[in-house]
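K.L.:
Start counting the sequence shown at 1; every next residue gets the next number (full-length UniProt numbering). Glycine included, C-beta positions come from ideal geometry on N, C-alpha and C. Quantities reported herein were computed from a predicted structural model and do not represent experimental measurements. Attaching a single structure in structure tokens format; questions to follow.
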Amino acid sequence: MPVAYCDRVIVKDHNKKNKDPRVSHRERLDLQTTAARGGGGCCRSALSCGYVERVCVCPVDADEIRRLGKRFRKLDLDNSGALSIDEFMSLPELQQNPLVQRVIDIFDADGNGEVDFKEFIQGVSQFSVKGDKLSKLRFAFRIYDMDNDGFISNGELFQVLKMMVGNNLKDTQLQQIVDKTILFADKDEDGKISFEEFCNVVGNTDIHKKMVVDV
1 MPVAYCDRVI
11 VKDHNKKNKD
21 PRVSHRERLD
31 LQTTAARGGG
41 GCCRSALSCG
51 YVERVCVCPV
61 DADEIRRLGK
71 RFRKLDLDNS
81 GALSIDEFMS
91 LPELQQNPLV
101 QRVIDIFDAD
111 GNGEVDFKEF
121 IQGVSQFSVK
131 GDKLSKLRFA
141 FRIYDMDNDG
151 FISNGELFQV
161 LKMMVGNNLK
171 DTQLQQIVDK
181 TILFADKDED
191 GKISFEEFCN
201 VVGNTDIHKK
211 MVVDV
């Protein structure tokens, strides 16, 4: 499934240079090619690799909580003790992230439209260097689970992928990718992807190791 970003998101991958947060031309071609072929390649293209990395934002080592506190206070321009949407989006790691609103929705645990310090810490700590694999996968899953019902529906997968590719793919092409992804991942044939099914697809990849971004 599609993940993270600083003018460009800085995704740590020890084997590659820092990546641009936007969907590359090659990735779009990969999606189109795998959509035409069908099968597991299509699903993994939509649910993992470069796309999953873009779900990850603002990861930070848990030992840097004090530094995060300073960062939070700097972002909290009105000294309200919470970050408004505008203040939160001033994070350079998020400014070019097409999934920024989904990230804010997840960070804002109580749904009051602001991100307080506790929510800020809880959000970024999931993506620290020491963060566990399951937490990283669950965050990535929640990006797609827009109604928070524990499943990724066909419509939700389409919406999130659309946020990422914009007008670079026709809706008919994107829908083809979504349909084949659901068909491949949905082992119990209920028409949607559970967290367990999501993990079955991306869990054997090293995506959790890449879900670390410098703040």
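Under the three-state reduction of DSSP, which class applies to Ala185: helix, strand or coil?
P.N.:
If DSSP states are grouped into helix, strand and coil, Ala185 belongs with the helices.
K.L.:
Hey, out of Asp110, Val115, Gln101 and Asp116, whose CA is closest to Tyr144's CA?
P.N.:
Answer by Cα proximity: Gln101.
K.L.:
Below 7 Å CB to CB, which residues in the same chain sit around His208 once its five sequence neighbours on both sides are set aside?
P.N.:
Caution is warranted here: a pLDDT of 48 is assigned to His208, below 50, making its placement in the model unreliable, and no coordinate value can be reported.
K.L.:
Are the beta-carbon atoms belonging to Val115 and Leu94 less than 8 Å from one another?
P.N.:
Going by C-beta atoms, Val115 is not nearer than 8 Å to Leu94.
K.L.:
Quick check: the Cα distance between Phe72 and Leu99, rounded to an integer number of angstroms?
P.N.:
Phe72 and Leu99: Cα-Cα distance of roughly 21 Å.
K.L.:
To the nearest angstrom, how far is the alpha carbon of Gln96 from that of Leu161?
P.N.:
Answer to the nearest angstrom: the Cα atoms are 16 Å apart.
K.L.:
Between which two residues does the alpha helix (DSSP H) harbouring Lys70 extend?
P.N.:
Ile65 to Leu75 is the span of the alpha helix (DSSP H), which, as asked, contains Lys70.
K.L.:
What number of angstroms, rounded off, separates the C-alpha of residue 217 from the C-alpha of Asp188?
P.N.:
No answer is possible for residue 217: the residues shown for the chain start at 1 and end at 215.
K.L.:
Let me know the secondary structure DSSP gives Ser194 once reduced to three states.
P.N.:
Ser194 falls in the strand class under three-state DSSP.
K.L.:
Would you decide whether Lys170 is buried or exposed? Buried here means 16 or more other CB atoms lie within 10 Å of its CB.
P.N.:
Classification for Lys170: exposed.
K.L.:
Exposed or buried, Glu197, counting other C-beta atoms within 10 Å across all chains shown (16 or more means buried)?
P.N.:
By the neighbour-count rule (16 or more Cβ atoms within 10 Å), Glu197 is buried.
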